[in-house]
Amino acid sequence: MEKDPRIVAQSAKELEEENWSFHNFIKHSFRLNHSRVDAVAKRYGEAAEKEMDCTTCGACCRVNTIPVDEKDVKRLAKHLKLSQDQFYKQYITENEFGETAIDTAPCPFLEGNLCSVYDARPDVCRKYPYIGGNIRTRSLAILERASTCPIVFEMLEQLKKHLNFHQYR
Ligand code: SF4
Ligand code: SF4
C-alpha cells in the first residue's frame with residue numbers, strides 16, 4: 000500500500016481518466032451486485048485503515064475545508080477557552096458550498112501531521128475518510144478523496160482489481 004500522500008496525489012492524477020471510467024462503470028453497470036460491491040469496498044477500506052498511521056500523513060487536514068455545525072463550534076470554543084462568538088470570528092466563514100466551515104486549508108488546528116484539538120475535533124473529521132456505505136451513490140466523493148487520502152486510494156485500487164475493471168475498458 001502506498002502511504003505517502005504526495006505519491007498518492009501524483010498517482011491519482013495519472014489515473015484520473017481511468018478513475019472516471021470506473022466511476023461510470025460503477026454508476027451504470029446493471030450486472031454488478033451492488034450490495035456485494037459495497038461489502039468488498041468496505042473490507043478493502045478497513046484493511047487499508049488498519050495499515051495506515053494517519054499521524055504520518057495529515058493530507059485530509061491540509062486540503063479540505065471543514066464544515067462544522069453548532070455542536071462542533073460549542074465543543075471547539077470550549078476546548079480553546081473562547082466564547083462561541085470569538086470562535087466564529089476567528090475561524091469560521093462560509094465555504095464554496097455555502098456551508099458554515101473552518102474555511103482555510105490547511106486547517107488552522109493542524110500541527111505537523113497532528114490535530115491540536117483532537118478531542119474536540121469536528122464530527123466530519125471523526126468520520127473521515129468515510130469508509131463503507133453505498134459505493135454507487137458515493138463514487139464521485141470517493142474519486143475526489145482518492146486523490147488525497149492513501150486509505151481511499153488503496154480501497155479504490157483494490158476494488159478495481161477485485162472487479163477486473165481493466166477487462167471492461
Ligand atoms: S480539526 Fe483536526 S482533524 Fe479536523 S481538519 Fe483540523 S487538524 Fe484535521
Ligand atoms: S484519513 Fe487519509 S488523508 Fe487523512 S490522515 Fe488518514 S490517510 Fe491521510
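In my numbering, the protein residues as written are 0 to 168. For every residue, glycine included, the Cβ atom is placed at its ideal position computed from N, Cα and C. Just so it is clear, the structure is predicted and the values come from calculations on it, not from any experiment.
So does residue i have its beta carbon nearer than 7 Å to some heavy atom of ligand 2?
i: Pro-149; result: yes
i: Pro-105; result: no
i: Met-0; result: no
i: Tyr-154; result: Reading the sequence as shown, one finds Met at residue 154 and not Tyr. Checking every heavy atom of ligand 2 against the Cβ of Met-154, none is found closer than 7 Å.
i: Ala-58; result: yes
i: Tyr-87; result: no
i: Tyr-43; result: no
i: Tyr-127; result: yes
According to DSSP, is residue i part of a helix, a strand, or is it coil?
i: Cys-124; result: helix
i: Cys-60; result: helix
i: Ile-134; result: helix
i: Leu-14; result: coil
i: Thr-54; result: helix
Q. Would you say the stretch 123-130 touches the stretch 35-55, given that touching needs at least three Cβ pairs under 8 Å?
A. Flag = yes, the stretch 123-130 and the stretch 35-55 touch.
Q | Touch test, the stretch 151-161 against the stretch 11-28, Cβ-Cβ under 8 Å, three pairs minimum | A | Per the Cβ contact rule, the stretch 151-161 is in contact with the stretch 11-28 (3 or more Cβ pairs under 8 Å).
Q. Quick check: the stretch 59-76 against the stretch 98-114, are there 3 or more CB pairs under 8 Å?
A. These segments touch.
Q | Residue ranges of each beta strand (DSSP E) within the stretch 86-121, 3 or longer | A | Segments of the beta strand (DSSP E) lying fully in the stretch 86-121: 91-93, 99-101.
Q) Residues with a Cβ closer than 6 Å to any heavy atom of ligand 1, in chain order? A) So the residues near ligand 1 by this Cβ test are Cys-60, Ile-65, Cys-106, Phe-108, Leu-109, Cys-114, Val-116, Arg-120, Pro-121, Cys-124.
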